[in-house]
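For the sequence shown, the UniProt record's numbering begins at 1 and goes up steadily by one. Structure first, commentary second.
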Amino acid sequence: MPAGPAILALKTDAPLICVMISYTEIGIHIDFILVPIPTEGSENERVAQIVQNSADLFAQGIARFPHDWHMMQRIWIDGDFKDRT
């Protein structure tokens with residue numbers, strides 16, 4: 001996962017929010033979850049922990065609603081990838 005949001009939150013004291021969307025019988029449900037920001041450790045350690053905290057929150061959301069998790073683009077490209085159109 002990219003470290004940019006973690007660095008921005010750390011340097012500006014802005015909250016970092018994980019957003020999870022799930023689908024219900026009447027529409028969508030959106031959860032906003034504050035990512036824990038550590039107060040101890042070096043800057044690099046804190047950034048790594050924020051990124052891990054974000055990943056953990058996404059993992060919890062995916063585990064809770066795996067049928068609502070969609071990746072709309074290829075992220076794993078074979079070494080011999082050729083246009084398959």
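The C-beta atom is built at its ideal place from N, Cα and C for all residues, glycine as well.
Residue range of the alpha helix (DSSP H) that residue i falls in?
| i | result |
| --- | --- |
| L8 | 4 to 12 |
Quick one: what does DSSP say residue i is sitting in, helix, strand or coil?
| i | result |
| --- | --- |
| F58 | helix |
| I28 | strand |
| I37 | coil |
Taking the alpha-carbon positions, what's the residue i to residue j distance?
| i | j | result |
| --- | --- | --- |
| E40 | I50 | 12 Å |
| A9 | C18 | 12 Å |
| T24 | F32 | 16 Å |
| A59 | I26 | 25 Å |
| A6 | I62 | 20 Å |
Applying the criterion that 16 or more other CB atoms from any shown protein chain within 10 Å of the CB defines a buried residue, is residue i buried or exposed?
| i | result |
| --- | --- |
| L57 | buried |
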